[in-house]
Amino acid sequence: MLNHGSTHPTPEPILELQRQLEDFRSSQPGRMKLPESLWQAAVELARRYGIYPVAYPLRLDYVGLKKRLGEVSPPDRQKAAAPAFVELVAAQPATLEACVIEFESARGAKMRIHWKATTPPDWTNLLHAWRETEK
């Protein structure tokens, strides 16, 4: 027997369980719950062949079979080992900008500031403070 939409023949173990299920279903009036032994056989086959290739020909609920299978995760993949050493590269310090600020009052007083910092100076406040001392 072929799977629906497939050219691959249904494996013999699935065909055997299919016959058992047909015997069970034909001997029961109406819809009865499947015996646990049949579910277990389907779960074992699903582990080997996959959920859909088992559920479809056996006319089993895909989601129910998946739940019974315990949603087996894919084969364990080796996770990358955590690094034993991590190098932290510090950011390069900002370049220091240099500037010279010169003030000269009407009376001839002079002030010269050599400013070397990463932030520009607040020269307006410097000028205001210098003028206050001139009074």
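Take 1 as the starting number for the sequence shown in the working numbering and just add one per residue.
Built from N, CA and C at the ideal position, the CB exists for glycine as well.
Predicted model only: the values in this text are computed from it and were never measured.
Which residue comes first and which comes last in the alpha helix (DSSP H) that contains residue i?
i: ARG131; result: 123 to 134
Could you pull the start and end residues of the beta strand (DSSP E) that residue i belongs to?
i: ARG112; result: 110 to 117
Would you call residue i buried or exposed, if buried means 16 or more other Cβ atoms sit within 10 Å of its Cβ?
i: VAL54; result: buried
i: PRO29; result: exposed
i: ALA94; result: exposed
i: GLU36; result: exposed
i: VAL72; result: Confidence in VAL72 is poor, its pLDDT being 49 and thus under 50, which makes the residue's placement too unreliable to answer from.
i: ASP76; result: Only weak support is given to the placement of ASP76: the predicted model assigns it a pLDDT of 48, under 50, and the value that follows is read from those uncertain coordinates. Flag for ASP76 reads exposed.
i: VAL89; result: exposed
i: VAL86; result: exposed
i: VAL63; result: exposed
i: VAL43; result: buried
Which residue wins for smallest C-alpha separation from residue i, given the options the options?
i: GLU132; options: SER37, VAL89, SER105; result: SER105
i: LYS67; options: HIS128, LYS135, ILE51; result: ILE51
For the segment 23 to 102, list the alpha helix (DSSP H) runs that are entirely contained and at least 4 residues long, ordered along the chain. 36 to 49, 51 to 58, 62 to 69
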